[in-house]
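Take a look at the structure set out below.
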Amino acid sequence: MSIHHATLNQLKIFDALARHMSVARTAEALHLTPPAISIQTKKLSEAVDEPLLEHVGKQLYLTEAGKVVAAASRDIFDRMERLSQDLAMLKGMKFGRMRLAIITTTEYFVPDLLSEFFAHHPDIEVSLFVGNRDQLLERMKNNEDDLYILGRPPSGLPVVSEVFADNPLVVIAPPNHHLANKKAVDPKRLANEPLIVREPGSGTRLTTLEFFNKRRISPVVHMELGSNEAIKQCVMAGLGISIMSENNLRHELANRRLTQLDVKGLPLKRNWYFVYLRDKSLSPAAQAFREFMMTESKELMKHMPEASRGRRRK
Ligand code: PGA
Numbered sequence: 000m001s002i003h004h005a006t007l008n009q010l011k012i013f014d015a016l017a018r019h020m021s022v023a024r025t026a027e028a029l030h031l032t033p034p035a036i037s038i039q040t041k042k043l044s045e046a047v048d049e050p051l052l053e054h055v056g057k058q059l060y061l062t063e064a065g066k067v068v069a070a071a072s073r074d075i076f077d078r079m080e081r082l083s084q085d086l087a088m089l090k091g092m093k094f095g096r097m098r099l100a101i102i103t104t105t106e107y108f109v110p111d112l113l114s115e116f117f118a119h120h121p122d123i124e125v126s127l128f129v130g131n132r133d134q135l136l137e138r139m140k141n142n143e144d145d146l147y148i149l150g151r152p153p154s155g156l157p158v159v160s161e162v163f164a165d166n167p168l169v170v171i172a173p174p175n176h177h178l179a180n181k182k183a184v185d186p187k188r189l190a191n192e193p194l195i196v197r198e199p200g201s202g203t204r205l206t207t208l209e210f211f212n213k214r215r216i217s218p219v220v221h222m223e224l225g226s227n228e229a230i231k232q233c234v235m236a237g238l239g240i241s242i243m244s245e246n247n248l249r250h251e252l253a254n255r256r257l258t259q260l261d262v263k264g265l266p267l268k269r270n271w272y273f274v275y276l277r278d279k280s281l282s283p284a285a286q287a288f289r290e291f292m293m294t295e296s297k298e299l300m301k302h303m304p305e306a307s308r309g310r311r312r313k
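And the structure:
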């Protein structure tokens, strides 16, 4: 047998299996039965004359051959998607699908940007993944998406990264906090404040801990939470202070449910980046989104709460 005996259907199933790493989840995602997944994977394995999967205990792993076949399958389906979009463009139709992965913290403004984008490109579909920094970097390594939005580009991967907006990080506290009305607070004074941080793998957590490390301050980490929303609630409840992107705090700061402490060295000046693998040739849908983000997003984000309310009223 040779790979030439493999069918597109088998590769499609294996592509999904390599992403889900579970026969049951793959079957569910493709609306097939688990035995159908196993049979097609076995046939593919016979075609390449190598085992593609191995079980260690209950955990499923890709063999070296499995990794190579999974990467090739991903290339093939990326190319098919682009082919379908190129053909559509020849017919003068602008549609297609794009896979976008965004970092948790951007879920406060990316939906509004997407809604503006869809107003101009109603026939483009987006599949959206939301995760923390570590999850996005893992997906990037496996070439799982077309485009990524995150708070700092990865250092070890061959990527193109473009800044599209500012991402200032501020210290938040409840409005009645004893440092709330103080000016230019020395960061050392935060050392004894109970600090609430995001979960390991989060970019915000990384930046927060770097801020303290650089100043040789050992903060009292009081709580670790996997959600910005939960952190805001805890800070409002007086359980501690936190460092967070100002982009997520517009409502709470405007309604005075939270206050921003005036600490020396803050806001931390960061950016939002648009990132994609250097060798990736972007589909027309992904290119249209990239262009929109680079030209429109900064201005839209400045006025976002008003802008989104305005749009919804239309
Ligand atoms: P996070 O990342 O949502 O993983 O904390 C945000 C960032 O990198 O700024």
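Just so you know, numbering that gives the first Met the number 0 puts the end of the sequence shown at 313, numbered straight through with nothing missing. Where is the CB? At the ideal position from N, CA and C, for every residue including glycine.
Once you ignore the five residues that flank residue i on each side, which residues in its own chain have a CB closer than 8 angstroms to its CB?
i, result
"G200", "N131, R132, D133 and Q134"
"R311", "Reliability of the predicted coordinates at R311 is poor, the pLDDT of 36 falling under 50, and the value obtained from them is presented with this limitation in mind. So no residue of the chain qualifies."
"S217", "A190 and F211"
Quick one: using the 10 Å Cβ neighbour count with 16 as the cut-off for buried, is residue i buried or exposed?
i, result
"Q322", "The requested residue 322 does not occur in the structure, where the chain is confined to residues 0 to 313."
"A164", "buried"
"H3", "exposed"
"Y147", "buried"
"V22", "buried"
"A183", "exposed"
"N175", "exposed"
"Q58", "exposed"
"T294", "exposed"
"F116", "buried"
"K339", "No answer is possible for residue 339: it lies beyond the span of the chain, which begins at 0 and ends at 313."
Using a Cβ-Cβ cutoff of less than 6 angstroms, which residues in the same chain neighbour residue i once the five nearest sequence positions on both sides are dropped?
i, result
"K11", "none"
"I101", "V109, V129 and I148"
"N141", "none"
"L43", "A5, Q9 and F13"
"K313", "Any reading at K313 must be qualified, since the residue scores a pLDDT of 31, below 50, and its modelled position is unreliable; the value itself is stated next. Contacts found: none."
"G309", "Caution applies to G309, whose pLDDT of 33 falls short of 50 and renders its modelled position unreliable; the value that the coordinates give is listed next. The answer is none, since no qualifying residue turns up."
"R204", "V196 and R197"
"P370", "Nothing about residue 370 can be reported from this structure: the residues present for the chain run from 0 to 313 only."
Within its chain, find whatever has a CB closer than 7 angstroms to the CB of residue i; leave out the 5 residues flanking it on each side and keep chain order.
i, result
"S342", "The shown model of the chain, from 0 to 313, leaves out residue 342, and the question about it has no answer."
"S282", "E80, R81, Q84, G95, M97 and D145"
"N227", "T103, T104, M243 and N247"
"T289", "Here residue 289 is Arg; the residue named in the question, Thr, does not match the sequence. Same-chain partners within the cutoff: L146, F273 and L281."
"L73", "Correcting the residue identity first, residue 73 is Arg in this sequence and not Leu. Same-chain partners within the cutoff: D14 and N142."
"H19", "T25 and A28"
At the level of alpha carbons, what is the spacing between residue i and residue j?
i, j, result
"L156", "K279", "13 angstroms"
"N212", "A190", "11 angstroms"
"Q259", "V170", "6 angstroms"
"S126", "G264", "38 angstroms"
"L276", "L149", "13 angstroms"
"A285", "L136", "19 angstroms"
"I75", "L61", "18 angstroms"
"R269", "L113", "22 angstroms"
"L299", "E192", "35 angstroms"
"M292", "A70", "28 angstroms"
"V220", "K301", "32 angstroms"
"P50", "M139", "25 angstroms"
"A172", "V262", "12 angstroms"
"G202", "I240", "17 angstroms"
"V68", "V234", "48 angstroms"
Can you find a heavy atom of the ligand PGA that lies under 7 angstroms from the Cβ of residue i?
i, result
"T206", "yes"
"G225", "no"
"I148", "no"
"I230", "no"
"S37", "no"
"S244", "yes"
"T104", "yes"
"N247", "no"
"N166", "yes"
Compare the C-beta of residue i against all C-beta atoms of chain B and say whether one is closer than 8 angstroms.
i, result
"A236", "Absent here is chain B; the protein component of the structure consists of one chain."
3-residue-minimum beta strand (DSSP E) runs that sit fully inside the segment 5-79, ordered along the chain
52-55 and 58-61
Output the residue ranges of the beta strand (DSSP E) runs that lie fully inside the segment 94-176 and measure 3 residues or longer, sorted by chain position.
95-102, 123-130, 146-149 and 158-172
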